[in-house]
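One structure below.
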Amino acid sequence: MIAYKVLRDGAIEPFSERRWPAPEGASPGEWLAVTGQLRPGDDALPAFRLRDLPYWINHELWVAELGDEVAEFDRLVLARRARLLRRVDAWDRRTALAFSEACAQRVRDYAAGVLRGAGLSDEANALERAPSLEAQRDAGIAASEAATAAGLADAATAAGYAADAAVFGLEPQPATVTFIGAHAAAIAAGEARAVEASHAERAWQAGWLKERLGLEDA
Amino acid sequence: MTLAANDLTCQELVELVTEYLEGSLPAEARIEFDEHLAMCDGCANYLDQMRRTIEIAGKLTEASISPQAQESLLGAFRGWKSRPQP
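So the protein sequences, as listed, match chains A and B. For the first sequence, the positions run -9 to 208 when this note's numbering is used. For the second sequence, the positions run -16 to 69 when this note's numbering is used.
In structure tokens form, the structure reads like this:
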């Protein structure tokens, strides 16, 4: 099975701190093998399908080959053997910033919709007109404070999400911005459609990565 | 189930950290825990500190504690045991 590996700088796996052997030239990296059970928390090798990436995206993105024995879970796959085939060079800091900004702008739009629905049109307009993430942060904070003062809890939360998404988008921390995006979509959709909207947002995020990075479904 | 119930909060993560480190979290909870770490630097740092504390404390032996420190700790435990329970 071909899947994706998300690693920190230096080909280091988050949480386990395991260093993955990088490919040399055209040759794949060395196989890693473990003997644990194929279940989360055991000594298994995690990897991701395209649709899982928005949850885990980190500094480095790699294409990996998994050995025969693979267990699939909701948001990851586990294998006993795996190796890195090639790095997705298009995923760099600049792309991470662009992705984070695109996700944060969607949070801004969701928040503006919620604010307008709650009767705070001036705050919604100010948020929508924010020309940068810094401006979005400031407009989000102002709108959240106005909504709180008016006793409009959902609007305050949504505007707060817009500010948070801008803050984490500027760093960038894409996995945090995608998380905020999923929640912002949910709150904008209302309780009855929250889960559906959240999943749709995650699918949009994966689609962005697919298109911009030229990824294939894995 | 609501969306909020699916996502772990920072407080819930702190409450689950012992089970996480012992490897006794159920599969789905483990994934949610890791997912939270992937997007929350604060909790990732907290977990790292917990791991380091356990690593350092695990190297302590009875012989490596001074008699005064042993006496002080035993006194504290005795006091804790004899304290009336609420």
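Even for Gly, the Cβ is constructed at its ideal location relative to N, Cα and C.
Any non-hydrogen atom of the ligand ZN closer than 8 Å to residue i Cβ
{"i": "residue 15 of chain B", "result": "Summarising the ligand content, the structure contains no ligands, and the ligand ZN is consequently not present."}
Outcome for residue i when other beta-carbon atoms lying within 10 angstroms are tallied against a minimum of 16
{"i": "residue 205 of chain A", "result": "buried"}
{"i": "residue 5 of chain B", "result": "exposed"}
{"i": "residue 10 of chain A", "result": "buried"}
{"i": "residue 26 of chain B", "result": "buried"}
{"i": "residue 39 of chain B", "result": "exposed"}
{"i": "residue -12 of chain B", "result": "Low confidence applies to residue -12 of chain B: its pLDDT is 44, below 50, so where it sits in the model is not reliable, and the reading given next is rough at best. Under this definition residue -12 of chain B is an exposed residue."}
{"i": "residue -14 of chain B", "result": "For residue -14 of chain B, the predicted model reports a pLDDT of 45, less than 50, meaning its position is unreliable and no value from the coordinates is stated."}
{"i": "residue 43 of chain B", "result": "exposed"}
{"i": "residue 37 of chain B", "result": "exposed"}
{"i": "residue 166 of chain A", "result": "buried"}
{"i": "residue 113 of chain A", "result": "buried"}
{"i": "residue 83 of chain B", "result": "In this structure chain B extends from -16 to 69, so residue 83 of chain B is not present and cannot be described."}
Beta-bridge partners of residue i, as assigned by DSSP
{"i": "residue 14 of chain A", "result": "A/17"}
{"i": "residue 201 of chain A", "result": "Paired residues: none, contrary to the question."}
{"i": "residue 211 of chain A", "result": "No answer is possible for residue 211 of chain A: it lies beyond the span of chain A, which begins at -9 and ends at 208."}
Residue i - containing beta strand (DSSP E), residue span
{"i": "residue -8 of chain A", "result": "-8 to -3"}
{"i": "residue 60 of chain A", "result": "60 to 62"}
{"i": "residue 37 of chain A", "result": "35 to 37"}
Cβ-Cβ separation, residue j to residue i (assumed contact under 8 Å), whole Å
{"i": "residue 123 of chain A", "j": "residue 91 of chain A", "result": "6 Å"}
{"i": "residue -3 of chain A", "j": "residue 50 of chain A", "result": "4 Å"}
{"i": "residue 72 of chain A", "j": "residue 37 of chain A", "result": "6 Å"}
{"i": "residue 151 of chain A", "j": "residue 185 of chain A", "result": "Incorrect: roughly 17 Å between the Cβ atoms, too far for contact."}
{"i": "residue -9 of chain B", "j": "residue 11 of chain B", "result": "Not really, about 11 Å apart at Cβ, beyond 8 Å."}
Range of the contiguous alpha helix (DSSP H) that encloses residue i
{"i": "residue 75 of chain A", "result": "Looking at the DSSP string, residue 75 of chain A is not in any alpha helix (DSSP H); the run it does join, the beta strand (DSSP E), is 71 to 77."}
{"i": "residue 44 of chain A", "result": "43 to 46"}
{"i": "residue 174 of chain A", "result": "164 to 179"}
{"i": "residue 129 of chain A", "result": "123 to 139"}
Proximal residues, the stretch -14 to 18 of chain B versus chain A, C-beta separation under 7 Å: -14, 6, 8, 10, 13, 14, 17, 18
Against chain B: residues of the stretch 41 to 52 of chain A by CB proximity under 9 Å: 45, 46, 47, 48
Contacting positions in the stretch 137 to 148 of chain A - beta carbon closer than 9 Å to chain B: none
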